[in-house]
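Student: Structure below; questions to follow.
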Amino acid sequence: MSTVKLTVNGKAVAVDVEDRTLLVQLLRDHLNLTGTHVGCDTSQCGACVVHVDGKAVKSCTMLAGQADGASVTTIEGIAKGDELHPMQAAFRDNHGLQCGYCTPGMIMSAIDIVLRHGGQLDEPTVRQELEGNICRCTGYHNIVKAVLDAAGRMKVSQAAE
Numbered sequence: 003m004s005t006v007k008l009t010v011n012g013k014a015v016a017v018d019v020e021d022r023t024l025l026v027q028l029l030r031d032h033l034n035l036t037g038t039h040v041g042c043d044t045s046q047c048g049a050c051v052v053h054v055d056g057k058a059v060k061s062c063t064m065l066a067g068q069a070d071g072a073s074v075t076t077i078e079g080i081a082k083g084d085e086l087h088p089m090q091a092a093f094r095d096n097h098g099l100q101c102g103y104c105t106p107g108m109i110m111s112a113i114d115i116v117l118r119h120g121g122q123l124d125e126p127t128v129r130q131e132l133e134g135n136i137c138r139c140t141g142y143h144n145i146v147k148a149v150l151d152a153a154g155r156m157k158v159s160q161a162a163e
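When the letters of the sequence shown are read in order and numbered with this note's numbering, they come out as residues 3 to 163.
Structure, rendered in structure tokens:
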């Protein structure tokens with residue numbers, strides 16, 4: 003057993019876990035943050051994407067101990083109170099989700115994409131960047147629309163801060 007100390011969604015936590023515990027297990031099973039999903043256990047689907055120190059990471063292939071001392075943001079930590087994150091609002095407004103299983107990981111990946119590209123995105127870039135996230139319900143058209151819409155919203159939101 004090891005104690006993993008990290009900041010999750012802005013709150014400091016310390017959790018005793020077995021050394022083989024994955025970050026996704028720490029989040030779901032120890033902290034009850036069940037918005038991060040396990041879809042494949044092999045890093046193929048992206049349902050488990052969270053941000054570790056500001057970068058998108060597939061938490062099903064990262065040991066919890068590797069996140070010791072890190073800042074982790076999950077889907078539960080991106081809204082400001084009752085106000086949705088611009089990416090969440092864009093997914094809602096553009097019908098970028100269906101069953102919702104892949105949505106948290108898709109949103110977390112999409113935020114990372116927008117931040118890395120500085121909002122300078124086009125459809126082919128978004129499609130290429132989302133290749134690590136699988137949605138089994140839709141053809142990605144509305145997801146791509148949502149990411150492009152959110153890129154503009156995030157730029158406006160950042161300018162206002």
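The C-beta atom is built at its ideal place from N, Cα and C for all residues, glycine as well.
#1: Which residues does DSSP pair with Glu85 in a beta bridge?
#2: Measuring alpha carbon to alpha carbon, tell me which residue in Gly71, Gly83, Cys47, Gln27 is nearest Met64.
#3: May I have the straight-line CA-CA distance separating Arg22 from Gly98, to the nearest angstrom?
#4: Given Thr105, which residues of its chain have a CB within under 6 Å of its CB, disregarding the five upstream and five downstream residues?
#5: Check whether the stretch 81-98 and the stretch 119-127 are in contact - that is, three or more C-beta pairs closer than 8 Å.
#6: If you count every other CB in all the chains shown that lies within 10 Å of the CB of Gln130, and 16 or more means buried, which is it?
#7: If you measure between the beta carbons of Lys57 and Gly48, is that distance less than 8 Å?
#8: Count the other C-beta atoms from every protein chain shown that fall within 10 angstroms of the C-beta of Asn34, then say buried if there are 16 or more, exposed otherwise.
#9: State the CB to CB distance for the pair Leu29 and Thr76, rounded to an integer number of angstroms; the pair is presumed to be in contact (CB under 8 Å).
#10: Give the list of continuous alpha helix (DSSP H) stretches no shorter than 4 residues that lie fully inside the stretch 121-156.
#11: Kindly indicate which residue of Leu8, Val17, Leu132 has the alpha-carbon position closest to the one of Val54.
#12: Skipping 5 residues on each side, what residues in its chain have a beta carbon closer than 6 Å to that of Ala81?
#13: Leaving out the 5 sequence neighbours to the left and right, which residues in its chain are closer than 6 Å to Leu165 when beta-carbon positions are compared?
Tutor: Short version:
#1: For the purposes of this step, residue 85 is identified with residue 83 of the sequence shown, where counting begins at 1. Answer by DSSP bridge pairing, in chain order: Lys82.
#2: As a position in the sequence shown, residue 64 is number 62, starting the count at 1. Of all alpha-carbon atoms in Gly71, Gly83, Cys47, Gln27, the one lying nearest the alpha-carbon of Met64 is that of Gln27.
#3: Locating residue 22 in the sequence shown gives position 20, counting from the first residue. Locating residue 98 in the sequence shown gives position 96, counting from the first residue. In a straight line, the C-alpha of Arg22 is about 35 Å away from that of Gly98.
#4: Mapped onto the sequence shown, residue 105 falls at position 103. Correct list, in chain order: Leu99.
#5: Segments in contact, no.
#6: Reading the sequence shown from its first residue, position 128 is the one you call residue 130. When all chains shown are included, Gln130 counts as exposed.
#7: Numbered from its first residue, the sequence shown carries residue 57 at position 55. Numbered from its first residue, the sequence shown carries residue 48 at position 46. Result no, Cβ atoms of Lys57 and Gly48 do not sit closer than 8 Å.
#8: If you number the sequence shown from 1, residue 34 lands on position 32. With fewer than 16 Cβ atoms within 10 Å of its Cβ, Asn34 is classed as exposed.
#9: On the sequence shown, position 27 is the one that residue 29 refers to. On the sequence shown, position 74 is the one that residue 76 refers to. So it is a contact: roughly 6 Å between Cβ atoms.
#10: List check, alpha helix (DSSP H) in window: 125-131.
#11: The residue given as residue 54 occupies position 52 in the sequence shown. Considering only alpha carbons, the answer is Leu8.
#12: Here residue 81 refers to the residue found at position 79 when the sequence shown is read from its first residue. Leaving aside the five residues that flank Ala81 on each side, the residues in its chain whose CB is nearer than 6 Å to its CB run, in chain order, His87.
#13: Shown here, the chain extends from 3 to 163; a query on residue 165 therefore has no answer.
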